[in-house]
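Structure, as structure tokens:
In this note's numbering, the protein residues as written are 203 to 432.
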């Protein structure tokens, strides 16, 4: 049986601290061994690189892929996927999360931003670009780390990693993964969601381990990948 995918919400957290149930469970077959990587496909219907001003990194001039809510409400502050180290006392682990994207032009990914917030432990987030291997997370292309991580339950700062050199070389029309990994063994982070279009029952999908079915909200972590063209 696949390992359990872990999610967290403020409501669940309050129950946990009171000695109740901590996490929701799902049997989604997208969990990959080893490393317990949760893979989430996300292909925006329109993927046109946008040229933008970026004062802190002027060479980064296009948006390669993104999944963000409107300004001031970029993501849901009280719900997300758990990213944890192997010795995290609350959730266990390690658990990492990868979201699939597909650039529309050949480019270099330079800055990786994600709505990843801090829950406990030693702050150290790793964000990286990986290849796709038959729909699962493949080989690391390039990654980096940051300790500047906002607290869980707050909005709307994105954790940011700037890749060294030119960044990760990407090919148009090819699938890749943005993967979040805990850089410290004792930490837990939360990759906050963007709510599904439609919500309600229309926002659910169902997965099975071959015996029973669990409902899983089709939420994708909020993120933005910027870079240069080419």
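We treat Cβ as the ideally placed atom computed from N, Cα and C, and that holds for glycine.
| Query | Result |
| --- | --- |
| Which of the three DSSP states is assigned to residue 325 in this structure? | coil |
| Within a Cβ cutoff of 7 Å, which residues of the same chain sit near residue 393, ignoring the five residues on either side of it in sequence? | 282, 283, 285, 299, 316, 317, 318, 382, 423 |
| Let me know the secondary structure DSSP gives residue 293 once reduced to three states. | coil |
| For residue 342 and residue 378, what's the separation of their Cα atoms in angstroms? | 10 Å |
| Can you check DSSP and say which residues form a bridge with residue 353? | 320 |
| What is the DSSP secondary structure of residue 288, counted as helix, strand or coil? | coil |
| Are residue 396 and residue 314 touching if we call contact CB-CB under 7 Å? | no |
| Using the Cα positions of residue 359 and residue 344, report the straight-line distance between them to the nearest angstrom. | 23 Å |
| Could you tell me the boundaries of the beta strand (DSSP E) in which residue 396 lies? | 390-396 |
| Taking buried to mean at least 16 other C-beta atoms within 10 Å of its own C-beta, is residue 370 buried or exposed? | buried |
| Taking only the alpha-carbon atoms, compute the straight-line gap between residue 391 and residue 332 and give it to the nearest angstrom. | 20 Å |
| If you drop the 5 nearest sequence neighbours on each side, which residues of the same chain put their C-beta closer than 8 Å to that of residue 355? | 212, 279, 280, 319 |
| What is the DSSP secondary structure of residue 431, counted as helix, strand or coil? | coil |
| When DSSP labels each residue in this structure, what does residue 314 get in the three-state scheme? | strand |
| In terms of residue numbering, what span does the beta strand (DSSP E) encompassing residue 298 cover? | 298-303 |
| Please confirm whether residue 387 and residue 288 have their CB atoms less than 7 Å apart. | yes |
| Residue 274: buried (16+ other C-beta within 10 angstroms of its C-beta) or exposed? | exposed |
| What are the partner residues of residue 277, as DSSP defines its beta bridges? | In the DSSP output, where bridge partners are listed per residue, residue 277 has none listed. |
| Using three-state DSSP, classify residue 265 as helix, strand or coil. | strand |
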